[in-house]
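Taking it in order: structure first as structure tokens, then the write-up.
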Ligand code: 4NP
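Numbering (the numbering used here), first residue to last: 6 to 185.
Put into structure tokens, the structure is as follows:
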């Protein structure tokens, strides 16, 4: 656990001063949590006029929903907060470990799958849990799967993701470049 936190801190400090950041959000189906994180992060980056610096995408460890729009319930809850989710689900592929600098897993099962898939030690070090970016007071140590939950589950996911994405943006933005 302590080692995992150290790895997360290391990758954050390495990325902070890069000109370009390529971030990939991962969940199981890529129809609920990771496309929501993707949409929220795009919105944060755009609100800071920082689109040039960021390349953001999402994918799933499971490919059964490939080509699908996000789950309708997630789209409905997200649009109420101003996020129009239009991502099409896709499964993670090995080239993602080259194409992205940081690969952010929604829960520990996703994190384990990604670490297993990672072709090199360097690729494995790109995998971090989303929970390292939680800033709000929460009893969760992961972003819980809302698929079999009701409306509260989707709202909880959006609360956690908004909080974590804001912090991810702050952590990876050099101080002098941050909007006051
Ligand atoms: P996600 O949610 O991983 O947040 O996209 C799920 C989507 C689909 C399934 C499970 C979780 N599924 O079992 O099909």
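The beta-carbon is built from N, C-alpha and C at its ideal position, and this holds for glycine as well.
Legend entry - Contact check, residue 116 vs residue 123, beta carbons under 8 Å: What you label residue 116 is simply residue 111 of the chain shown in a count that begins at 1. What you label residue 123 is simply residue 118 of the chain shown in a count that begins at 1. Taking a C-beta distance under 8 Å as the contact criterion, residue 116 and residue 123 do not qualify as a contact pair.
Inset, instruction - Give the secondary structure of residue 40 by DSSP, where H, G and I count as helix, E and B as strand, and everything else as coil. - result: Here residue 40 is taken as the residue at index 35 of the chain shown, counted from 1. Correct three-state label for residue 40: helix.
Inset, instruction - Can you give me the Cβ contacts of residue 165 inside the same chain, cut-off strictly under 7 Å, excluding the 5 residues immediately before and after it? - result: As a first step, residue 165 must be located in the chain shown, where it is residue number 160. Counting only Cβ-Cβ distances below 7 Å, and skipping sequence neighbours, we find 139, 143, 145 and 148.
Inset, instruction - Run the proximity test for residue 37: is its beta-carbon closer than 7 Å to any non-hydrogen atom belonging to the ligand 4NP? - result: Translated into positions along the chain shown, residue 37 becomes position 32. Yes.
Legend entry - DSSP state of residue 184 mapped onto helix, strand, coil: As a first step, residue 184 must be located in the chain shown, where it is residue number 179. Caution is warranted here: a pLDDT of 49 is assigned to residue 184, below 50, making its placement in the model unreliable, and the coordinate value is therefore given only provisionally. When DSSP states are grouped into helix, strand and coil, residue 184 belongs to the coil group.
Inset, instruction - Go through its chain and collect everything with a Cβ distance to residue 76's Cβ below 6 Å, but skip five positions before and after it. - result: On the chain shown, residue 76 is found 71 positions in, with the first residue counted as 1. Residues of the same chain with a CB within less than 6 Å of the CB of residue 76, apart from the 5 flanking positions on each side, are 36 and 37 in chain order.
Inset, instruction - Measure the CB-CB distance between residue 72 and residue 96 and report whether it falls below 8 Å. - result: On the chain shown, position 67 is the one that residue 72 refers to. On the chain shown, position 91 is the one that residue 96 refers to. In this structure, residue 96 does not lie closer than 8 Å to residue 72 by Cβ.
Inset, instruction - Between the Cα of residue 69 and those of 16, 34 and 49, spot the shortest distance and give me the residue it belongs to. - result: Translated into the one-based positions of the chain shown, residue 69 becomes position 64. The candidate whose alpha carbon is nearest that of residue 69 is 34.
Inset, instruction - For residue 104, collect the residues of the same chain with a Cβ closer than 7 Å to its Cβ; drop the 5 residues on either side in sequence, then sort them by chain order. - result: In the chain shown, the residue the question calls residue 104 occupies position 99. If we look at residue 104 and ignore the five residues flanking it on each side, its Cβ neighbours are 27.
Inset, instruction - Leaving out five residues on either side along the sequence, give the residues of the same chain with a beta carbon under 7 Å from the beta carbon of residue 90. - result: For the purposes of this step, residue 90 is identified with residue 85 of the chain shown, where counting begins at 1. 40, 41, 44, 75, 79, 80 and 83, listed in sequence order.
Inset, instruction - State yes or no: is the C-beta of residue 107 within less than 8 Å of the C-beta of residue 14? - result: Position 102 of the chain shown, counting from 1, holds the residue named residue 107. Position 9 of the chain shown, counting from 1, holds the residue named residue 14. No, the pair does not count as a contact, with Cβ atoms beyond the cut-off.
Inset, instruction - Following the continuous beta strand (DSSP E) through residue 63, name the residue where it begins and the one where it ends. - result: Numbered from 1 along the chain shown, position 58 holds the residue referred to as residue 63. From DSSP, the beta strand (DSSP E) with residue 63 extends over 59-65.
Legend entry - Candidates 179, 175 and 132, of which the one nearest residue 46 by Cα: Within the chain shown, residue 46 is the residue found at index 41, counting from 1. Taking each of 179, 175 and 132 in turn and checking the Cα distance to residue 46, the smallest one comes out for 175.
Legend entry - residue 29 in three-state terms, based on DSSP: For this step, residue 29 is matched to residue 24 along the chain shown. Assignment of residue 29 by DSSP, reduced to helix, strand and coil, places it in the strand class.
Inset, instruction - Could you pull out every residue in the same chain whose Cβ sits closer than 8 Å to the Cβ of residue 128, ignoring the five residues on either side in sequence? - result: Numbered from its first residue, the chain shown carries residue 128 at position 123. Leaving aside the five residues that flank residue 128 on each side, the residues in its chain whose CB is nearer than 8 Å to its CB run, in chain order, 102 and 103.
Legend entry - 8 Å Cβ cutoff met for residue 130 and residue 16: Position 125 of the chain shown holds residue 130. Position 11 of the chain shown holds residue 16. Yes, Cβ-Cβ distance for residue 130 and residue 16 is below 8 Å.
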